[in-house]
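> Sharing a structure with you now.
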Amino acid sequence: MIKMGEDKPSGIVILTILYVLGALGYLGAGALFVAGGGFLSGIGGGVLAAIGAFFIILGLIALLVAYGLWTMKSWARMIAIIIAVLMLFNFPIGTILGIIILWYLFKPEIKEAFH
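Everything in the sequence shown is counted per my numbering, starting at 16 for the first residue and increasing by one.
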């Protein structure tokens, strides 16, 4: 387990940065969809606003996972594993990234580092 003052594994730092960047993308896209939905009347505007709200929720979840990874919480590792499994279905890039992330998060020294 990593003690206070010890460095985090570099892969966790990279994964955390990727989650933050993804969260910013989701939040930005969500804001654009919500704003765009406000300009349309009828069901089209409501659908865009709902899509925007969904993206905002995904962005907030990604920020939460990034925080959990940064603080080395075991629940964040489990959520990252679930997300990596879901990435496997996004062929080809998601599949490759999902395999790499799963391999990394299941390494014994990484698994042990989380608390």
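Beta carbons: idealized from backbone N, C-alpha and C, even for Gly. Predicted model, so just to flag it, every value in this text is computed and none were measured.
Compute the Euclidean distance between the alpha carbons of arginine 92 and phenylalanine 69, then round it to the nearest angstrom.
23 Å
> Starting from lysine 88, trace the alpha helix (DSSP H) in both directions and tell me its first and last residue.
Run containing lysine 88: none; DSSP gives neither H nor E here.
> Between glutamate 89 and phenylalanine 54, what straight-line distance do the alpha-carbon atoms span, to the nearest angstrom?
The sequence as given places serine at residue 89; glutamate does not occur at that position. Answer to the nearest angstrom: the Cα atoms are 43 Å apart.
> Excluding sequence positions up to five away, which residues of its chain have a Cβ less than 6 Å from the Cβ of glycine 109?
Met102
> Report yes if the CB atom of leucine 78 is closer than 7 Å to the CB atom of alanine 46, and no otherwise.
no
> Am I right that leucine 42 and glycine 83 are in contact with their C-beta atoms under 8 Å? What's the rounded C-beta distance?
At roughly 18 Å, the Cβ-Cβ gap does not stay under 8 Å, so leucine 42 and glycine 83 are not in contact.
> Based on Cα-Cα distance, which residue from Leu63, Ile116 and Ala50 lies nearest to isoleucine 29?
Ile116
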